[in-house]
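Counting from 1 along the first sequence, just add 3 to a position and that's the residue number in the working numbering. Glycine included, every Cβ here is placed at the ideal spot set by N, Cα and C. Computed from a prediction, not measured in an experiment: that's the story for all the values here. Read through the structure below, which is laid out as structure tokens, and then see the notes.
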Amino acid sequence: MLRSHTCGQLRKSEIGQTVELSGWVYRRRDHGGVIFIDLRDRYGVTQIKFDVNHGSSEEIMKNADQLRSEWVINVKGKVAARPEEMINAKLGTGEIEIEAAELKILNKSKALPFELEEEKESQANEQLRLKYRFLDLRREKLQTIMKKRDEVIVAIREYFHERNFIDIQTPILANSSPEGARDYLVPSRLYPGKFYALPQAPQQFKQLLMVGGFDRYFQVAPCFRDEDPRADRHPGDFYQIDFEMSFASQEDVWAVTEPLMIQLTEKFTDKKIVAKPFPRITFQDALAKYGSDKPDLRFEMPIKPITALIKSDCGFSVFASAVKDGGVVHALKVDGGNVFTRSIIDELTELAKTKDAKGLAYIQMRPEGPASPINKFLGDELMNKIINEVGAKTGDIIFFGADKFRTVCAALGAVRSKCGELLGLKDPKKISFAWIIDFPMYSMSEIEPGKVDFEHNPFSMPSGGLEALEKEQPLNIKANQYDMACNGYEILSGAIRNHDPKIMYKAFAIAGYTKEEVDRKFGAMISAFEFGAPPHGGAAIGFDRLLMILTDCDSIRDIYAFPKDGAGRDVMMDSPSEVSPRQLKELHIKMEEK
RNA sequence: GGAGUGGUAGUUCAGUUGGUUAGAACGCUUCCCUGUCACGGAAGAGGUCGCGGGUUCGAGUCCCGUCCACUCCGCCA
């Protein structure tokens with residue numbers, strides 16, 4: 004070893020010992036006759052002193068004078084106490100320093116394309132940092148995140164192992180699944196024209212593990228989806244904490260999940276959990292009240308239906324016609340929202356429009372009385388009724404959505420989230436978990452009117468089983484399916500699965516699939532279910548998003564060692580890249596001439 | 001595929017109604033300095049103002065096009 008200790012290790016107790024350290028030159032303070040080097044590794048920083056009066060030869064002084072940022076050096080010397088008034092309280096090693104007696108330069112470094120010190124400037128452009136990710140990783144922030152990522156994974160593994168779950172790796176080369184996101188395809192060399200697909204999730208494999216008798220499975224599962232990225236969505240590959248349980252009800256899955264989330268929060272953050280046990284909100288209520296199936300519940304700010312008030316008599320044609328066409332009118336009262344300027348209201352209006360709202364009506368609760376551009380249409384009486392209904396007081400603002408139910412929810416949900424942000428209600432010291440339950444099994448197709456589609460996951464067990472499928476209106480059937488929302492992110496999704504071939508065929512039939520189609524697409528799983536599949540269910544935790552919240556990162560790229568950029572490329576390794584004609588030929592791929 | 005914001009020194013940014021030689025901080029180079037810790041001091045190097053075109057006596061600044069980045073929408077069973 005080129006070191007006897009790490010750069011974060013030495014304390015007063017080692018004073019007098021001769022030690023050997025290796026690391027990177029972090030900072031250099033050259034005083035002529037004495038040179039200080041802050042030597043850094045991932046454990047910390049130790050001050051090295053080069054001083055002719057304290058063990059450093061003329062030659063070492065000459066070499067120390069050459070040292071530059073990020074050179075890799077090896078130093079031998081004696082641990083010495085710092086004079087009382089020279090102690091650096093900011094460093095764990097701040098009470099000591101090394102009096103260098105030997106110096107070896109292990110490697111030099113070019114001047115860096117950006118600075119590593121956190122407190123200096125705002126950080127460099129992300130594209131540049133990604134190109135030199137190996138340097139960015141030296142920064143304290145990323146060192147801390149990677150360490151925490153490791154600790155969280157260890158804690159999760161321990162948690163599941165303590166409860167009899169076993170970690171099983173499922174294939175990376177798998178089959179294209181006809182539902183869901185775009186697949187990453189891998190051409191087969193031995194079977195011309197055929198392809199593997201990288202799994203979007205280990206869904207079918209974990210269900211087959213249940214059939215295989217592994218009644219409690221979990222995995223830190225790599226998942227692959229070829230979709231455009233977002234700040235909270237890494238392009239290409241990402242990780243889920245995937246788990247599945249046999250003989251389990253929804254309550255059983257929740258009972259495993261909830262303590263895990265609490266433990267991780269308490270162990271890795273100082274955030275306060277808003278509500279324990281976690282609230283359970285139906286999908287319908289979440290949409291109506293918060294305008295989202297992943298509401299940020301660090302603040303309440305509920306949306307209220309006022310359709311009933313509008314029904315009787317309303318002079319505002321936007322509201323009246325929405326109700327007449329079977330839509331709804333909802334109101335969002337924002338406490339203290341009268342501080343919003345015209346330009347902020349314009350911005351919120353644009354936001355609502357991105358969710359297909361046609362506009363964003365509002366009433367400002369000014370000190371001199373309510374003011375609204377739509378007052379002249381509403382009339383004072385109706386306006387006062389609305390103000391009364393939502394409980395608005397001076398200083399508030401009320402926003403309105405009038406349209407189809409889903410449109411109103413989405414628009415006011417986006418406005419609610421933005422208002423929470425603008426008013427500083429998204430407290431980083433708080434964390435809100437909530438179960439979103441009772442997802443509908445089906446919804447009306449948006450492409451083919453009159454046709455029924457799966458709302459979410461076709462493999463979920465419908466509530467009420469076969470009987471419900473046969474007797475209920477499809478749109479009224481709920482699925483045994485649940486998400487967990489956390490601070491506005493969907494952080495977990497799961498279900499009690501449909502393990503009964505009969506119910507499965509029926510469920511697919513309602514969505515317009517013939518038995519032959521189902522057999523062709525999900526044959527392996529369905530035929531396995533004919534051999535004594537146990538009832539089972541589970542969930543998958545979005546590990547990356549969870550880690551973003553635990554580490555207070557806004558960008559999902561910060562929590563990967565080697566992230567893709569916003570266009571799905573690795574700018575450091577330059578992937579994706581071209582391959583040789585020979586490789587293409589082996590894979591039976593002909594490139595079109597450009 | 002669409003929208004918004006941005007692109008000026010190695011990095012982060014400023015740059016006025018269009019007007020001399022495009023600035024600052026940090027970094028870098030050389031020198032000075034024996035107690036600093038974001039050390040200090042002196043001097044210096046470093047720019048195709050993303051790219052192309054246009055308007056103008058004159059463009060970093062105005063106009064058109066284009067490329068790139070980030071964020072959002074679509075998309076994500």
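Residue nearest to residue i in terms of C-alpha spacing, selected from the options
{"i": "residue 410", "options": "354, 436 and 457", "result": "354"}
{"i": "residue 560", "options": "145, 93, 295 and 479", "result": "145"}
{"i": "residue 64", "options": "38, 76, 81 and 47", "result": "38"}
{"i": "residue 338", "options": "359, 368, 320 and 399", "result": "399"}
{"i": "residue 71", "options": "45, 33, 85 and 100", "result": "33"}
{"i": "residue 10", "options": "18, 21 and 27", "result": "27"}
{"i": "residue 283", "options": "169, 258 and 509", "result": "258"}
{"i": "residue 476", "options": "525, 312 and 510", "result": "510"}
{"i": "residue 363", "options": "369, 375 and 474", "result": "375"}
{"i": "residue 317", "options": "292, 378 and 455", "result": "378"}
{"i": "residue 397", "options": "406, 340, 418 and 518", "result": "340"}
{"i": "residue 138", "options": "262, 29 and 592", "result": "29"}
{"i": "residue 347", "options": "418, 279 and 233", "result": "418"}
{"i": "residue 576", "options": "88, 132 and 95", "result": "132"}
Cβ neighbour criterion (16 or more within 10 Å) applied to residue i
{"i": "residue 4", "result": "exposed"}
{"i": "residue 557", "result": "exposed"}
{"i": "residue 589", "result": "exposed"}
{"i": "residue 202", "result": "buried"}
{"i": "residue 548", "result": "buried"}
{"i": "residue 458", "result": "buried"}
{"i": "residue 42", "result": "buried"}
{"i": "residue 157", "result": "exposed"}
{"i": "residue 169", "result": "exposed"}
{"i": "residue 393", "result": "buried"}
{"i": "residue 416", "result": "buried"}
{"i": "residue 24", "result": "buried"}
{"i": "residue 594", "result": "exposed"}
{"i": "residue 262", "result": "exposed"}
{"i": "residue 124", "result": "Low per-residue confidence applies at residue 124: pLDDT is 46, beneath 50, and the placement is therefore not dependable enough to give any value."}
{"i": "residue 383", "result": "exposed"}
Span separating the alpha-carbon of residue i from that of residue j
{"i": "residue 14", "j": "residue 90", "result": "12 Å"}
{"i": "residue 121", "j": "residue 142", "result": "7 Å"}
{"i": "residue 196", "j": "residue 12", "result": "58 Å"}
{"i": "residue 310", "j": "residue 326", "result": "7 Å"}
{"i": "residue 323", "j": "residue 223", "result": "52 Å"}
{"i": "residue 522", "j": "residue 240", "result": "29 Å"}
{"i": "residue 319", "j": "residue 231", "result": "40 Å"}
{"i": "residue 272", "j": "residue 553", "result": "6 Å"}
{"i": "residue 584", "j": "residue 187", "result": "21 Å"}
{"i": "residue 117", "j": "residue 441", "result": "50 Å"}
{"i": "residue 361", "j": "residue 312", "result": "21 Å"}
{"i": "residue 294", "j": "residue 114", "result": "51 Å"}
{"i": "residue 80", "j": "residue 21", "result": "5 Å"}
{"i": "residue 140", "j": "residue 147", "result": "10 Å"}
{"i": "residue 534", "j": "residue 205", "result": "21 Å"}
{"i": "residue 128", "j": "residue 455", "result": "47 Å"}
{"i": "residue 274", "j": "residue 434", "result": "6 Å"}
{"i": "residue 373", "j": "residue 431", "result": "33 Å"}
{"i": "residue 538", "j": "residue 285", "result": "23 Å"}
{"i": "residue 233", "j": "residue 570", "result": "10 Å"}
{"i": "residue 597", "j": "residue 190", "result": "Confidence at residue 597 is low in this model, with a pLDDT of 44, below 50, so its placement is unreliable and the value that follows should be read with caution. Cα-Cα distance, rounded: 21 Å."}
{"i": "residue 422", "j": "residue 343", "result": "9 Å"}
{"i": "residue 185", "j": "residue 235", "result": "18 Å"}
Cβ separation of residue i and residue j, assumed to be a contact under 8 Å, to the nearest whole Å
{"i": "residue 308", "j": "residue 277", "result": "Not a contact, Cβ separation roughly 24 Å."}
{"i": "residue 420", "j": "residue 491", "result": "6 Å"}
{"i": "residue 444", "j": "residue 499", "result": "With 8 Å as the limit, residue 444 and residue 499 do not qualify as a contact, their Cβ atoms being about 12 Å apart."}
{"i": "residue 436", "j": "residue 304", "result": "Rounded, the Cβ-Cβ distance is 18 Å, inconsistent with contact."}
{"i": "residue 226", "j": "residue 243", "result": "5 Å"}
{"i": "residue 106", "j": "residue 66", "result": "5 Å"}
{"i": "residue 413", "j": "residue 358", "result": "4 Å"}
{"i": "residue 296", "j": "residue 290", "result": "6 Å"}
{"i": "residue 507", "j": "residue 483", "result": "That belief does not hold up - the Cβ atoms of residue 507 and residue 483 are roughly 14 Å apart, past 8 Å."}
{"i": "residue 524", "j": "residue 237", "result": "About 28 Å; that fails the 8 Å criterion."}
{"i": "residue 541", "j": "residue 209", "result": "7 Å"}
{"i": "residue 83", "j": "residue 18", "result": "7 Å"}
{"i": "residue 228", "j": "residue 429", "result": "The pair is not a contact, with the Cβ atoms about 27 Å apart (cut-off 8 Å)."}
{"i": "residue 134", "j": "residue 582", "result": "About 22 Å; that fails the 8 Å criterion."}
- Message: Quick test of the definition: if touching needs 3 or more C-beta pairs under 8 Å, does the segment 148 to 162 touch the segment 177 to 190?
- Response: Using a Cβ-Cβ distance cut-off of 8 Å, the segment 148 to 162 and the segment 177 to 190 are not in contact, since fewer than three pairs of beta carbons, one from each stretch, lie closer than that value.
- Message: Below 8 Å, how does it come out for the segment 248 to 255 and the segment 209 to 229: are there three or more Cβ pairs, yes or no?
- Response: Flag = yes, the segment 248 to 255 and the segment 209 to 229 touch.
- Message: Across the segment 93 to 104 and the segment 40 to 51, are there enough close Cβ pairs to call them in contact, namely three or more that are closer than 8 Å?
- Response: Yes: the two stretches touch, three or more of their Cβ pairs being nearer than 8 Å.
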